[in-house]
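Colleague:
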Amino acid sequence: MFISSQSSMPIFKDVTLVMPAVAVGNVGQLAVDLIISTLNLRRVGYLHTDCLIPMAGNNPYATSKDDEEELHTAAEVYAAPELKLAVLQIRAPIVKTKSKKFSQLLLSWIKSSGFSRTVVLSSSHAYQRDDQQLQGTPIRYLITPSLLKASADALKELGWREMERVPPCPGHVDGNVEPRLFVPGGGITKGLFTDSCADEVPLAVLLIFCSEGDNIPDAFTLLNHLNDWLHLLDSTKQEAKWKIPASWSLLFGSGIPPALF
């Protein structure tokens, strides 16, 4: 359920929604952090659901002591009406038995809000790539038929590679068996995409093959590809323009206590 933090409900009609999938390396969440911090997006509400592990904390995008003590929760919505942009940030893992329910909740909210298109930022295990996926860039995309109609020319100009379908049994090609969509480590990415195709929801997935570790470089790579499409920032020297939020200083803890040595 979406709950507005304003006196009136925000209007999302004809707005682009960008959201992460909770996936390997948390690349999607890191990329969304950069969007919110750089564009100084305003929080307009949050999703209340029992599908996410409950969490709360200080403002991850604080710029001064005046706003650092604001309380933030597991799934919040930010917006910039002048940019026709909304962003959903998900900060907590999905309860293992409620992935399908959460995917359906998201899809219901997306449809009822009237977004013009939704872009899901995700990631997938690099070590589980098929041979054909080892070639070229580690970025892949998926797009529903309803969004492809409006975006075919843009995607052709960008030269992106669509996520390859792979044989059910790795390394075994059978002409009688249909290749499948396989997104290992992608969380709800595949389910959300297939449900969006069935419901004719204009949705695209932009994902990167990566491994667990320091995934900040992966987040910049994924975000720069997104920027080539949505033009959130001037593409010249865009890496220098993305603003890193204050909370990133705590990504790997506070370091090793010197007293140990």
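If you use the working numbering, the sequence shown corresponds to residues 52 to 312, in order. We treat Cβ as the ideally placed atom computed from N, Cα and C, and that holds for glycine. Fair warning: this is a prediction, and the values are worked out from it, not measured in the lab.
Is there contact between the region 140 to 156 and the region 182 to 198, where contact requires at least three CB pairs shorter than 8 Å?
Modeller: no
Colleague: By Cβ distance, which residues of its chain are closer than 7 Å to GLU215, with the 5 residues on each side in sequence left out?
Modeller: ASP181, GLN183, GLN184
Colleague: Skipping 5 residues on each side, what residues in its chain have a beta carbon closer than 8 Å to that of GLY264?
Modeller: GLY76
Colleague: What's the C-alpha gap between ASN278 and ALA255?
Modeller: 14 Å
Colleague: Is there contact here, the region 87 to 107 with the region 195 to 211, by at least three beta-carbon pairs under 8 Å?
Modeller: These segments do not touch.
Colleague: VAL73 and ILE161 - do their beta-carbons sit closer together than 7 Å?
Modeller: Not a contact, by the Cβ cut-off of 7 Å.
Colleague: Using the Cβ count rule (16 or more neighbours within 10 Å means buried), how would you classify ALA336?
Modeller: In the structure as shown, the chain starts at 52 and stops at 312, and residue 336 therefore has no counterpart that could be examined.
Colleague: For PRO296, collect the residues of the same chain with a Cβ closer than 6 Å to its Cβ; drop the 5 residues on either side in sequence, then sort them by chain order.
Modeller: So the qualifying residues of the chain are ASP84, SER88, PRO111, TYR112.
Colleague: Please check the pair GLU127 and GLN140, which I expect to be a contact at CB under 8 Å, by giving their CB distance rounded to whole angstroms.
Modeller: 5 Å
Colleague: Quick test of your reading: ILE259 and VAL78, contact by CB under 8 Å. State the CB separation rounded to the nearest angstrom.
Modeller: Between ILE259 and VAL78, the beta carbon gap of about 6 Å places them in contact (Cβ cut-off 8 Å).
Colleague: If you run the structure through DSSP and keep just helix, strand and coil, what is ASP55?
Modeller: For clarity, residue 55 is Ser in the given sequence; the question names Asp instead. Strand, per DSSP.
Colleague: Could you check if ASP101 is buried or exposed, using at least 16 other CB atoms within 10 Å of its CB as the buried criterion?
Modeller: exposed
Colleague: Cβ of CYS261 within 7 Å of Cβ of ALA205?
Modeller: In this structure, ALA205 does not lie closer than 7 Å to CYS261 by Cβ.
Colleague: Is the beta carbon of MET52 less than 7 Å from the beta carbon of HIS99?
Modeller: yes
Colleague: Would you kindly work out how many angstroms separate the C-alpha atoms of VAL252 and ALA137, rounded to a whole number?
Modeller: Those two C-alpha atoms are separated by around 17 Å.
Colleague: When you compare only the Cα positions, how much space is there between LEU157 and PRO309?
Modeller: 45 Å
Colleague: Of the residues SER163, THR67, GLY237, TYR129, which one's Cα is nearest the Cα of VAL322?
Modeller: Nothing in the structure corresponds to residue 322, since the chain is present only between 52 and 312.
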